[in-house]
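A.B. asks:
There are 4 protein chains.
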Amino acid sequence: MKKTISVIGSASASEELLKIAYAVGKEIAQREGVLICGGLGGIMEAASRGAKESGGLVVGILPGAESVAANRYIDIPIRTGLDEARNLVVAVSADAVIAVGGELGTLSELAFAMKSKRPVFGIQTWKLDESYCGKVNLVHVDDPREAVEKAFSCI
Amino acid sequence: MKKTISVIGSASASEELLKIAYAVGKEIAQREGVLICGGLGGIMEAASRGAKESGGLVVGILPGAESVAANRYIDIPIRTGLDEARNLVVAVSADAVIAVGGELGTLSELAFAMKSKRPVFGIQTWKLDESYCGKVNLVHVDDPREAVEKAFSCI
Amino acid sequence: MKKTISVIGSASASEELLKIAYAVGKEIAQREGVLICGGLGGIMEAASRGAKESGGLVVGILPGAESVAANRYIDIPIRTGLDEARNLVVAVSADAVIAVGGELGTLSELAFAMKSKRPVFGIQTWKLDESYCGKVNLVHVDDPREAVEKAFSCI
Amino acid sequence: MKKTISVIGSASASEELLKIAYAVGKEIAQREGVLICGGLGGIMEAASRGAKESGGLVVGILPGAESVAANRYIDIPIRTGLDEARNLVVAVSADAVIAVGGELGTLSELAFAMKSKRPVFGIQTWKLDESYCGKVNLVHVDDPREAVEKAFSCI
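Those protein sequences? They're chains A, B, C and D, same order as listed. Going by the numbering used here, the first sequence opens with residue 2, and the numbers climb by one from there. Going by the numbering used here, the second sequence opens with residue 2, and the numbers climb by one from there. Going by the numbering used here, the third sequence opens with residue 2, and the numbers climb by one from there. Going by the numbering used here, the fourth sequence opens with residue 2, and the numbers climb by one from there.
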């Protein structure tokens, strides 16, 4: 069974975050991990491109029942027909999760990933107040290599 | 079409939070709203009991395909067979959402509810850092009556 | 807990089938059952109208995250945001299932309902060849009253 | 983007059907298709083994949130946490679908696949009466090679 990492983040993001996502994808592929993402644009596309350009394999878990919306770096489109509920699948599909930035969709994925006890790492993503819940296992890291190294060390 | 409010929160909670949830359910029923919840124990059961004891109607959106796990105040069990993905349904089913406390499941519901642009109110629930996202439309309130009044005023 | 019956069928149907669906809804309401359906037009709307005009309560489990597509007889819209996957929820939500006519969506619901061991009755619906599977527990009946009587006798 | 074929069928099956599923997997891999399946035993495992032993890539779309139930030939486990609703994902994920035998779960997948207008081929699977619906696009074939050849010719 191959090692899998889900990269989560928004369909639109700053240049800085896109560069980070690209580097995360690259680092995953260089360690022979399979990149799983939501299959669309923005952070998903940047990470996919990073993985693809380093010879990696990219799985895109799409909200619709068709693959037309998939970014061009997706090797294996998983068409779900589940709309937003595909976020749950992206969150729990992989051995570990790395968030880059992110908005409300990413927040739902972080919640599901943590609930399913996946190792979760984040770069410039949601900061969650631990005062209400002792179980926030989201580790904030500074750079792509650190995120990917830590993710692989947990698998 | 009846007015509906989803009340979200954990299956286990402090006495203080359970009392708050009970009061939230009561206030919803007194305004002839239908209470929607996840159908299980803890906050869900306390809110259901509050609504039921004030003559309200209670819908429980259950994770399993059977109704055996439903709390005893549920009038209409919606068995989903979706496991955790039923959180999405709880979050977007109603006209407005009120969170009481909550852990990671509640966080996923808050994210989905905000993403679907529902009015969302919270009592002692997740505080979300707005520095990463301008769209956090979660309004923190202090007491059950205020939460329910504000929720109804948005519908 | 109230008794619930899911009525399944297509969004477009012949006049004859619409009349049957209307009568099914009426019979359910007269026995104080809650009608659950997919919330849209055609068979779903006819059954909803039948139940509503007999003073019944109607739950519509909608594919989208908004209630705008709900037919006007829905009392409680359950917005799912699950698109086609809401068929699973319609199929397993209730204590028993009655199919009136139906196309491929109805076929998926019949399959899920039978898999979840719900009592399932059908009027002019899919005939399933038992030669490949001994578990086809779909009972074909001729008229609405018979369908509803048999469904209630199984709950 | 790689070509993908979903193979669907039961978790327990006769020796004859298991051999057919194995051959289907083999034929898919020999044409460099990616095999998608439900990831568990029986038909799913036999097809996975066939693909794997011919050097193919195998994706298993699992009902649970963990990969422990995956058969040993799965390269990429997609953990969904959706329970039975993962059938929808298996049905619509791929470019084409091949059913080998099958019970009620397979019937739900056939319905979703046809509804999403995927090319669908079946070997000893459900025979669906067309008298109620003109849209049954399920083509019955006799042997694995024919099924896979026809599936690829439609993609």
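No residue lacks a Cβ here, since even glycine has one placed at the ideal position from N, Cα and C.
With DSSP run on the structure shown, which of helix, strand or coil describes T107 (chain D)?
C.D. replies: Helix.
A.B. asks: Distance, Cα to Cα, G43 (chain B) vs G102 (chain B)?
C.D. replies: So the alpha carbons of these two residues sit roughly 11 Å apart.
A.B. asks: Mind checking if K53 (chain D) is an interface residue toward chain A, Cβ cutoff 9 Å exclusive?
C.D. replies: It does not; no Cβ of chain A falls within 9 Å.
A.B. asks: Show which residues of chain E have a CB atom less than 7 Å away from the CB atom of D143 (chain B).
C.D. replies: Given the protein chain composition of this structure (A, B, C and D), no chain E is represented.
A.B. asks: Does any C-beta atom of chain D lie closer than 9 Å to the C-beta of S94 (chain C)?
C.D. replies: It does not; no Cβ of chain D falls within 9 Å.
A.B. asks: My understanding is that F153 (chain A) touches R50 (chain A), with C-beta atoms under 8 Å, so please give their C-beta distance in whole angstroms.
C.D. replies: Contact doesn't hold; Cβ gap of about 20 Å is too wide.
A.B. asks: For G106 (chain B), go through chain A and note every residue whose CB falls closer than 7 Å to its CB, in chain order.
C.D. replies: Within chain A, the residues near G106 (chain B) are K116.
A.B. asks: Under 8 Å Cβ to Cβ from L108 (chain C), same chain only, skipping five residues before and after it: list those, please.
C.D. replies: These residues qualify, in order along the chain: W127.
A.B. asks: Using beta carbons (cut-off 9 Å, strictly below), is D84 (chain B) in contact with chain D?
C.D. replies: Closer than 9 Å to some Cβ of chain D, the Cβ of D84 (chain B) qualifies, so yes.
A.B. asks: Does the pairing of the stretch 79–98 of chain B with the stretch 74–83 of chain C give three or more beta-carbon distances under 8 Å?
C.D. replies: With a cut-off of 8 Å, the stretch 74–83 of chain C and the stretch 79–98 of chain B count as touching, because enough Cβ pairs lie within range.
A.B. asks: Which runs of the alpha helix (DSSP H) fall wholly inside the stretch 75–129 of chain D and span at least 4 residues, in chain order?
C.D. replies: Listed in chain order, the complete alpha helix (DSSP H) runs (minimum 4 residues) inside the stretch 75–129 of chain D are 87–94 and 105–116.
A.B. asks: Report, in whole angstroms, the separation of the C-beta atoms of K20 (chain A) and I156 (chain A), which I expect to be a contact under 8 Å.
C.D. replies: That belief does not hold up - the Cβ atoms of K20 (chain A) and I156 (chain A) are roughly 25 Å apart, past 8 Å.
A.B. asks: Considering only the beta carbon of each residue, do A100 (chain B) and G65 (chain B) sit closer than 9 Å?
C.D. replies: The answer is no: Cβ separation not under 9 Å.
A.B. asks: With distances taken between CB atoms, is the gap from G40 (chain B) to G56 (chain B) smaller than 9 Å?
C.D. replies: No, the pair does not count as a contact, with Cβ atoms beyond the cut-off.
A.B. asks: Cβ closer than 7 Å: which chain D residues qualify as neighbours of D76 (chain C)?
C.D. replies: Those do not exist, as D76 (chain C) stays about 26 Å from chain D at its closest Cβ, beyond 7 Å.
A.B. asks: Could you confirm whether any beta carbon from chain B is found closer than 9 Å to the beta carbon of S109 (chain A)?
C.D. replies: So yes, S109 (chain A) belongs to the interface.
A.B. asks: Can you check the stretch 11–69 of chain A for any alpha helix (DSSP H) of at least 4 residues that lies completely inside it and give the ranges in chain order?
C.D. replies: Complete alpha helix (DSSP H) runs here, min 4: 16–31 and 44–54.
A.B. asks: I'd like to know whether the C-beta atoms of I29 (chain D) and A47 (chain D) end up nearer to each other than 9 Å.
C.D. replies: No, these two residues do not count as a Cβ contact at 9 Å.
A.B. asks: In this structure, how does DSSP classify V8 (chain A) when only helix, strand and coil are distinguished?
C.D. replies: Strand at V8 (chain A).
A.B. asks: So is R87 (chain B) buried or exposed if we call it buried at 16+ other beta carbons inside 10 Å?
C.D. replies: With 16 or more other Cβ atoms within 10 Å, it is buried.
A.B. asks: What separation, rounded to the nearest whole angstrom, lies between the Cα atoms of V98 (chain D) and Y23 (chain C)?
C.D. replies: Going from the Cα of V98 (chain D) to the Cα of Y23 (chain C) covers about 37 Å.
A.B. asks: Taking the beta strand (DSSP E) that V140 (chain C) belongs to, which residues open and close that run?
C.D. replies: Start and end: L139 to H141.
A.B. asks: What separation, rounded to the nearest whole angstrom, lies between the Cα atoms of A71 (chain B) and D84 (chain D)?
C.D. replies: If you take the alpha carbons of A71 (chain B) and D84 (chain D), they lie about 19 Å apart.
A.B. asks: Could you have a look at K151 (chain A) and say whether DSSP puts it in helix, strand or coil?
C.D. replies: Correct three-state label for K151 (chain A): helix.
A.B. asks: Taking Cβ-Cβ distances shorter than 9 Å, what residues in chain A pair up with A48 (chain D)?
C.D. replies: Going along chain A, no residue has its Cβ under 9 Å from A48 (chain D), so there is no contact; the nearest lies around 16 Å.
A.B. asks: Would A66 (chain C) pass as an interface residue toward chain A - the criterion being a Cβ-Cβ separation below 9 Å?
C.D. replies: Cβ-Cβ to chain A under 9 Å: yes for A66 (chain C).
A.B. asks: Buried or exposed for V25 (chain D), going by 16 or more other Cβ atoms inside 10 Å?
C.D. replies: Answer is buried; the Cβ neighbour count reaches 16.
A.B. asks: When the Cα of V8 (chain B) is compared with those of B:M2, B:V121 and B:E54, which residue comes out closest?
C.D. replies: The shortest C-alpha separation from V8 (chain B) is found at B:V121.
A.B. asks: In or out: K118 (chain A) buried (at least 16 other Cβ within 10 Å) or exposed?
C.D. replies: Its Cβ having fewer than 16 others within 10 Å, K118 (chain A) is exposed.
A.B. asks: Relative to the C-alpha of S11 (chain D), which residue among D:C38, D:M2 and D:G34 is closest?
C.D. replies: Among D:C38, D:M2 and D:G34, the Cα nearest to that of S11 (chain D) is on D:C38.
A.B. asks: Quick check: is the beta carbon of A71 (chain C) nearer than 9 Å to any beta carbon in chain D?
C.D. replies: False, the Cβ-Cβ gap to chain D never drops below 9 Å.
A.B. asks: If you reduce the DSSP assignment to three classes, tell me which class R146 (chain A) lands in.
C.D. replies: Note: R146 (chain A) maps to helix in three-state DSSP.
A.B. asks: Could you check if E67 (chain D) is buried or exposed, using at least 16 other CB atoms within 10 Å of its CB as the buried criterion?
C.D. replies: By the 10 Å Cβ count, E67 (chain D) comes out exposed.
A.B. asks: Quick one: Cα of E131 (chain C) to Cα of E17 (chain C), how far?
C.D. replies: So the alpha carbons of these two residues sit roughly 28 Å apart.
A.B. asks: Does the beta carbon of A112 (chain B) sit closer than 9 Å to a beta carbon anywhere in chain A?
C.D. replies: Closer than 9 Å to some Cβ of chain A, the Cβ of A112 (chain B) qualifies, so yes.
A.B. asks: Anything in chain D within Cβ reach of K128 (chain C), meaning under 7 Å, just list it in chain order.
C.D. replies: Within 7 Å Cβ-Cβ: D130.
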